[in-house]
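Q:
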Amino acid sequence: MKSSLSSCLILILAAALLVLKPFTGSAETFTEGVRVSPETVKLKTGEYVWEPERAPEGPLLIVASTTEQVAYVYRNGIRIARSSVSTGRPGHPTPTGVFTILEKEVHHTSSI
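Residue numbers for the sequence shown follow the working numbering, beginning at 1116 and rising by one.
(1) Please confirm whether S1103 and Y1187 have their CB atoms less than 9 Å apart.
(2) Can you check whether the CB of P1167 is closer than 9 Å to the CB of A1310?
(3) Between which two residues does the beta strand (DSSP E) holding E1162 run?
(4) Nearest-angstrom Cα distance between N1191 and L1176?
(5) Could you tell me if S1198 is buried or exposed, where buried requires 16 or more neighbouring beta carbons within 10 angstroms of its beta carbon?
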């Protein structure tokens, strides 16, 4: 079950990244959270590792692990980032599958 969930999340995020390619430059200006060393084994809430210079161009893929509560960002198959995430809550599980992002709010606040 967990491997099929992970596979679904990978496909969802791959499709989303293809749609969001024009917006990837704005990720360079992200300032919230706490940037940590790439060698950090476990991320605390709000921490991230961002190394876009490892693969400066190419298609992006984001993989979110609901079990690890971590999102991984790959460009051309090279991991360039990881971040702590918060998924679901009792009564509101995180949906799985492949999703296409058609539009995005610059400053979104969850209503859950």
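In this text, a Cβ means the ideal position worked out from N, Cα and C, and glycines have one as well.
A: The structure says:
(1) In this structure the chain extends from 1116 to 1227, so residue 1103 is not present and cannot be described.
(2) In the structure as shown, the chain begins at 1116 and stops at 1227. Residue 1310 is therefore absent and cannot be evaluated.
(3) Under the DSSP assignment, E1162 falls in the beta strand (DSSP E) whose first and last residues are 1162–1165.
(4) Distance from the CA atom of N1191 to the CA atom of L1176, rounded to whole angstroms, is 8 Å.
(5) Buried.
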